[in-house]
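Under this note's numbering, the first residue of the sequence shown carries the number 336, and numbering increases by one thereafter. Remarks on the structure that follows.
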Amino acid sequence: FFSCCGWSLMPGFDRGQFVDAPDEKFNCTICLEVLRKPVQCTNGHVFCEACIDGWMKRKNQCPNCRCKVTKETLGRALLPEALILELRVRCRNPASAPARASPPAKRQRSSKARRPRAAAGPDAVSSLICAWEGTLGDLDRHLRECEYATAPCPDACGAELQRRELQAHSTICPRRKVNCGHCGCLLLASVLPIHVDRDCPKYGVQCSGCRRLVIRESLTEHLQLHCPMQPTDSPYAVQGCTERPQRSKLQEHLADSAVPHALLISSALAKSKDEVRALEVKHKEMEVKNEALQTELSCLRTCSQSSVYLKWTVMRFHQHLDQGIKYFRSHKFSILQHLLRLGVEVIEMDEVDEVVQYLGLYLYDVGSLNQLPMRVGGSSITLTGYTTASSLTRNFDINDVLHSGPNNRLGFPQFARITHLDSLGLCRHDELQIAAHVCIQPSQPLSLTTEHAFQ
């Protein structure tokens, strides 16, 4: 009747749960069960609070006396409520409702979670249901603690069991936390097999080569360094050996391939020597280029200066002379937009009954932007010896002028005899060390000349 009326009711207490049948005066006239939270109308008719609330949604009259009832006119029935709460009841938590198992264990249902068949003896029944008896007022407190009450798994695996079964369930719950027996990490029991099979760094796995058990975290090192069946590079791989014997057969490979390995070493050594020679040549070329760059940098730094000090080394002088080379030129440098270089020339002059070779030192113009003549008075060229005393210096005259123009030069054709270079210590290790101090003063167009050689 109440369901078809659409009421969502919490009816009174089931009469079957009381130890002794309650007096019918404690019955609700709507649900006909023992009153739960009784309230009464103005004429004293008593109902369950939930029952009369549902009734008032359709009618606002007392179902017994038809008096008007509202929430304001209803009052608590304190005396009936006190008497009802003193009635003795039994716990209604038997093992009749089967426990809902967690998904991995659905096929297993606790045999303790079934109501015993009628054929079972009274002792078996009493062991499967709660034997608690007490007053109705104490029932709620008991139900919160009753071992036969259904409760969800605290690890949220989805199982619902009686409280007394939770401890046993905690040892098999798929969502319980367990420690890996190999690495000790804490994880869910349901993922432990996957962890062991795939990830556990301390789990022993079989080497694919030698079939030994090796802990997973050491497998890579084992394969690279220790496994006797693993192919490994020959110690002569750098020299060109392409064979990769098994590690256990490496010594056999070395013994069988001693001659080929020796040939590889010989070939590699010859190649290394060629590479060293090539590097030496390249190094010397780089030194020459570096010297040129340094000279060019010096030119750039001094292009706006009126004087410059520079050093120049003529290497393998006698060797070049024996080969017929008699002209040597330094790198370019610039002063006041004049682009200059030093030059060495070996000339032969007829003297008394002999031909004498002289070393000439010159200052060359190699294409200046400034076309005005250059006053070089105060400039000097020095051929340095072992000591300052053995050095030989020639100074330009105060009136000396170098005219602009490609390959115009000014200098000293008979700077020193070739035969005196070694005896005076001016040629050391077949090298000429030349130092120059070049000074140029801005000049106006001149008509004067110099007695020094112009060629």
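For every residue, glycine included, the Cβ atom is placed at its ideal position computed from N, Cα and C.
Here Gln502 is exposed: its Cβ has fewer than 16 other Cβ atoms, across all protein chains shown, within 10 Å.
In this structure the region 689 to 705 touches the region 750 to 759; the number of beta carbon pairs closer than 8 Å is three or more. Out of Thr719, Gly702, Arg710, the CA that lies nearest to the CA of Leu696 is found in Thr719.
In the three-state scheme derived from DSSP, where H, G and I count as helix and E and B as strand, Ala486 is classed as strand. The three-state secondary structure of Asn378, taken from DSSP, is coil.
For a cut-off of 8 Å, the C-beta gap from Gly410 to Val374 is around 6 Å, short enough to register as a contact. Bounds of any beta strand (DSSP E) do not take in Leu367, whose DSSP letter is neither H nor E. A contact is defined here as three or more CB-CB pairs under 8 Å, and the region 640 to 649 meets this definition with respect to the region 662 to 678. The straight-line gap separating the alpha-carbon atoms of Ser665 and Val687 is approximately 33 Å. Here DSSP, grouped into helix, strand and coil, assigns Arg664 to strand.
For Cys386, the enclosing alpha helix (DSSP H) starts and ends at 384 to 391. The C-beta of Met621 has fewer than 16 other C-beta atoms within 10 Å across all chains shown, which makes the residue exposed.
Taking a cut-off of 8 Å on C-beta distances, the region 478 to 495 touches the region 503 to 521, as three or more cross pairs fall below it. Taking a 10 Å sphere around the C-beta of Asp735, we find 16 or more other C-beta atoms and assign the residue as buried.
Beta-bridge analysis with DSSP links Ile733 to no other residue.
Taking 9 Å as the cut-off, the beta carbon of Met564 is found closer than this to the beta carbon of Cys545. For Thr648, the enclosing beta strand (DSSP E) stretches over residues 642 to 649. The three-state reading of DSSP puts Leu677 in strand, counting E and B together. DSSP, read as helix, strand or coil, puts Val513 in strand.
Remark: C-beta atoms of Pro346 and Cys386 approach each other more closely than 9 Å.
Ranking Leu604, Asp475, Lys584, Glu482 by CA distance to the CA of Ile464 puts Glu482 first. When secondary structure is reduced to three states using DSSP, Ile464 falls in the coil class, being assigned neither helix nor strand. Within the DSSP bridge table, the entry for Val549 names Val540 as partners.
In chain order, Cys376, Asn378, His380 place their CB closer than 8 Å to the CB of Cys400, counting only its own chain and leaving out the 5 sequence neighbours on each side. Distances from the alpha-carbon of Ser583 to those of Val594, Ser569, Ala724 put Ser569 closest.
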